[in-house]
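In this note's numbering, the protein residues as written are 98 to 521.
Glycine included, C-beta positions come from ideal geometry on N, C-alpha and C.
Beneath this line is the structure, given in structure tokens, with notes to follow.
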Ligand code: SAH
Ligand code: SF4
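Following this line, the structure appears as structure tokens:
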């Protein structure tokens with residue numbers, strides 16, 4: 098999401114006459130787009146900001162700005178604590194950046210952190226920074242008002258609002274015309290996308306109908322809102338990728354209630370069953386938090402049990418991090434010791450590693466259509482791409498070209514990668 102935001106920021110500043118520096122040492126401004134979801138994300142930003150002091154002392158006039166969720170959360174406090182930061186700009190204020198930079202050039206400090214109920218940057222054509230020319234992110238909504246007890250997002254990104262579908266379809270068409278073959282539609286809870294009569298299933302239908310050669314992905318789905326209607330639309334478009342990211346957070350109903358997730362384990366498993374009914378070949382991935390307030394060994398065991406039942410293809414696994422201002426910060430104790438959080442997290446990671454490897458072993462012998470994305474990191478002789486399930490396949494390059502679809506047969510695997518060869 099921040100990546101997509103940085104592309105919008107580059108477009109806004111590009112229009113104002115700014116260009117991208119080749120390297121930090123040549124820049125007049127360094128903008129750091131930040132995440133505030135966990136404390137370690139913020140600590141990394143602070144570390145980076147402090148590192149820049151050396152460069153600033155060598156290069157007179159180099160100014161540093163902090164953008165995004167951490168700027169929103171800490172506001173001017175951040176400039177007081179990190180005195181080499183000249184400006185802070187929250188996620189809904191990026192249109193003000195040109196004015197802010199002008200102000201900073203005059204030697205002043207600047208802070209813009211007002212949140213909006215309507216800003217979606219719908220009219221701004223992002224400058225694509227990824228550079229592979231094949232795969233792009235498209236933001237379809239902003240903000241979140243689910244107020245999960247542990248989560249800072251509703252406070253840093255404001256109210257939920259959807260973007261005009263016409264602008265989404267137009268942006269996708271433009272990308273396809275430029276040779277892009279994959280888009281990922283982004284929102285904190287894409288299932289609650291709504292613009293007049295257009296809900297998320299209708300939006301997906303429109304975007305997927307642009308061209309069968311365009312792959313469509315999306316993130317993130319909130320389990321409470323994952324409808325059969327969406328699954329139906331997915332099943333009817335082979336170019337909507339067979340991969341659903343469905344963050345579970347915990348396998349214990351007591352924890353889910355305390356987290357204000359508004360679904361039960363039974364509901365979640367029913368949604369998993371529905372996904373598999375509509376699309377038996379669909380991969381499912383998740384997010385999970387270890388060591389939330391009052392989590393017992395029994396609750397933790399329930400999470401492991403859920404992982405064994407669902408058999409995720411991939412999981413983002415986190416230790417609970419207390420965030421100022423959240424419901425949990427106000428009302429719930431952060432009472433699981435750090436070492437115990439780590440121990441539980443490691444247990445989940447180890448289990449998921451085994452499951453991913455077992456899942457991948459079953460792929461050996463199967464053939465997939467792969468969108469070729471580029472050279473493998475390991476060897477120039479090999480290319481990599483993904484299948485519809487979002488699994489990475491590595492194979493000898495042969496006559497394959499990036500940006501095209503090729504059939505690849507899986508021959509072996511690790512927990513993270515499938516290794517195969519081109520089918521001629
Ligand atoms: N909107 C998405 C998630 C966005 S945040 C959703 O609800 O599914 C990405 C992930 O970060 C969350 O799914 C959660 O697992 C994790 N996360 C959020 N707040 C956290 C916290 N305070 N501590 C640890 N992990 C957290
Ligand atoms: Fe955070 Fe919950 Fe919103 Fe996801 S749905 S961004 S976890 S508040």
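Does at least one heavy atom of the ligand SAH sit under 7 angstroms from the Cβ of residue 285?
-> One-based indexing of the chain shown puts residue 285 at position 188. Under cutoff, so the answer is yes.
Would you report the Cα separation of residue 209 and residue 185, rounded to the nearest angstrom?
-> Walking along the chain shown from the start, residue 209 turns up at place 112. Walking along the chain shown from the start, residue 185 turns up at place 88. Spanning the two alpha carbons is a distance of roughly 6 angstroms.
How should residue 520 be labelled, buried or exposed, when 16 other C-beta atoms within 10 angstroms of its C-beta is the threshold for buried?
-> Against the chain shown, residue 520 aligns to sequence position 423. Counting Cβ neighbours within 10 Å, residue 520 comes out exposed, since fewer than 16 surround it.
For the stretch 235-254 against the stretch 407-424, are there 3 or more C-beta pairs whose distance is under 8 angstroms?
-> yes
The stretch 484-504 touching the stretch 327-340, judged by at least three CB pairs closer than 8 angstroms | yes
How about residue 253: is its C-beta nearer than 8 angstroms to some C-beta of chain D?
-> Here there is only one protein chain, and chain D is not present.
Any idea what DSSP makes of residue 302, helix, strand or coil?
-> As a working note, residue 302 is residue 205 in the chain shown. Three-state result, residue 302: helix.
What do you get for residue 229, buried or exposed, if any count of 16 or more other CB atoms within 10 angstroms of its CB means buried?
-> Position 132 of the chain shown, counted from the first residue, corresponds to residue 229. So residue 229 ends up on the exposed side.
How many Å lie between residue 515 and residue 455 at the Cα?
-> Working through the chain shown from its first residue, we reach residue 515 at position 418. Working through the chain shown from its first residue, we reach residue 455 at position 358. Rounded to whole angstroms, residue 515 to residue 455 spans 12 angstroms at the Cα level.
Less than 8 angstroms between the CB atoms is what I'm expecting for residue 319 and residue 288, so what's the real figure, rounded?
-> Locating residue 319 in the chain shown gives position 222, counting from the first residue. Locating residue 288 in the chain shown gives position 191, counting from the first residue. Right, their Cβ atoms sit about 6 angstroms apart.
Beta-carbon proximity of residue 272 to residue 233, cut-off 8 angstroms | Locating residue 272 in the chain shown gives position 175, where the first residue counts as 1. Locating residue 233 in the chain shown gives position 136, where the first residue counts as 1. It is a contact, given that the beta carbons lie within the stated cut-off.
Residues bridged to residue 489 by DSSP?
-> Sequence index remark: in the chain shown, residue 489 carries index 392 (1-based). Paired residues: 483 and 514.
Pull up the CB-CB distance for residue 448 and residue 502, whole angstroms please, since I reckon it's below 8 angstroms.
-> As a working mapping, residue 448 is identified with position 351 in the chain shown. As a working mapping, residue 502 is identified with position 405 in the chain shown. So it is not a contact: roughly 34 angstroms between Cβ atoms.
Per-residue DSSP class, three states only, for residue 162 = For this step, residue 162 is matched to residue 65 along the chain shown. Strand.
State yes or no: is the C-beta of residue 109 within less than 8 angstroms of the C-beta of residue 163?
-> Position 12 of the chain shown, counted from the first residue, corresponds to residue 109. Position 66 of the chain shown, counted from the first residue, corresponds to residue 163. In this structure, residue 163 does not lie closer than 8 angstroms to residue 109 by Cβ.
Cβ of residue 428 within 7 angstroms of any heavy atom in the ligand SF4?
-> For the purposes of this step, residue 428 is identified with residue 331 of the chain shown, where counting begins at 1. False, no ligand heavy atom lies under 7 angstroms from that Cβ.
Note down, one range per segment and in chain order, each alpha helix (DSSP H) of at least 4 residues found wholly within the stretch 306-337.
-> 325-333
Return helix, strand or coil for residue 182, following the three-state DSSP convention.
-> Walking along the chain shown from the start, residue 182 turns up at place 85. In this structure, residue 182 counts as strand in the three-state DSSP scheme.
Out of 131, 241, 113 and 371, point me to the one whose CA is closest to residue 194's CA.
-> For the purposes of this step, residue 194 is identified with residue 97 of the chain shown, where counting begins at 1. Of the candidates 131, 241, 113 and 371, the one whose C-alpha sits nearest the C-alpha of residue 194 is 113.
For residue 269, which residues from the same chain have a beta carbon less than 6 angstroms from its beta carbon, with the 5 sequence-adjacent residues on both sides left out?
-> Counting from one through the chain shown, the residue named residue 269 turns up at place 172. Same-chain partners within the cutoff: 280, 304 and 307.
Residue closest to residue 507, alpha-carbon to alpha-carbon, out of 429, 518 and 140 = On the chain shown, position 410 is the one that residue 507 refers to. If we check each option's Cα against that of residue 507, 518 comes out closest.
Would you list the one or two residues that DSSP bridges to residue 380?
-> Position 283 of the chain shown, counting from 1, holds the residue named residue 380. Bridge partners of residue 380: 340.
Hey, is the stretch 155-172 in contact with the stretch 117-137, meaning 3+ C-beta pairs nearer than 8 angstroms?
-> yes
Taking the alpha-carbon positions, what's the residue 399 to residue 349 distance?
-> Counting from one through the chain shown, the residue named residue 399 turns up at place 302. Counting from one through the chain shown, the residue named residue 349 turns up at place 252. Each residue's alpha carbon lies about 5 angstroms from the other.
Thinking C-alpha only, which one of 237, 452, 156 and 351 is nearest residue 123?
-> Here residue 123 refers to the residue found at position 26 of the chain shown. Comparing Cα positions, the closest option is 156.
Expressed to the nearest angstrom, what Euclidean distance is found between the alpha-carbon atoms of residue 207 and residue 127?
-> As a working mapping, residue 207 is identified with position 110 in the chain shown. As a working mapping, residue 127 is identified with position 30 in the chain shown. Between residue 207 and residue 127, the C-alpha separation is close to 14 angstroms.
Scan the stretch 227-300 and note each continuous beta strand (DSSP E) run of 3 residues or more that stays entirely inside, going in chain order.
-> 232-236 and 279-283
Given a threshold of 16 other Cβ atoms within 10 Å of its Cβ, counted over all protein chains shown, does residue 406 qualify as buried or as exposed?
-> As a first step, residue 406 is located in the chain shown; it is residue number 309 there, counting from the start. With fewer than 16 Cβ atoms within 10 Å of its Cβ, residue 406 is classed as exposed.
Would you mind working out which of 436, 346, 355 and 361 sits nearest residue 401, comparing C-alpha positions?
-> The residue given as residue 401 occupies position 304 in the chain shown. The shortest Cα separation from residue 401 among 436, 346, 355 and 361 belongs to 346.
The ligand SAH heavy atom lying under 7 angstroms from the CB of residue 248 = In the chain shown, the residue the question calls residue 248 occupies position 151. Correct: residue 248 has its Cβ closer than 7 angstroms to the ligand SAH.
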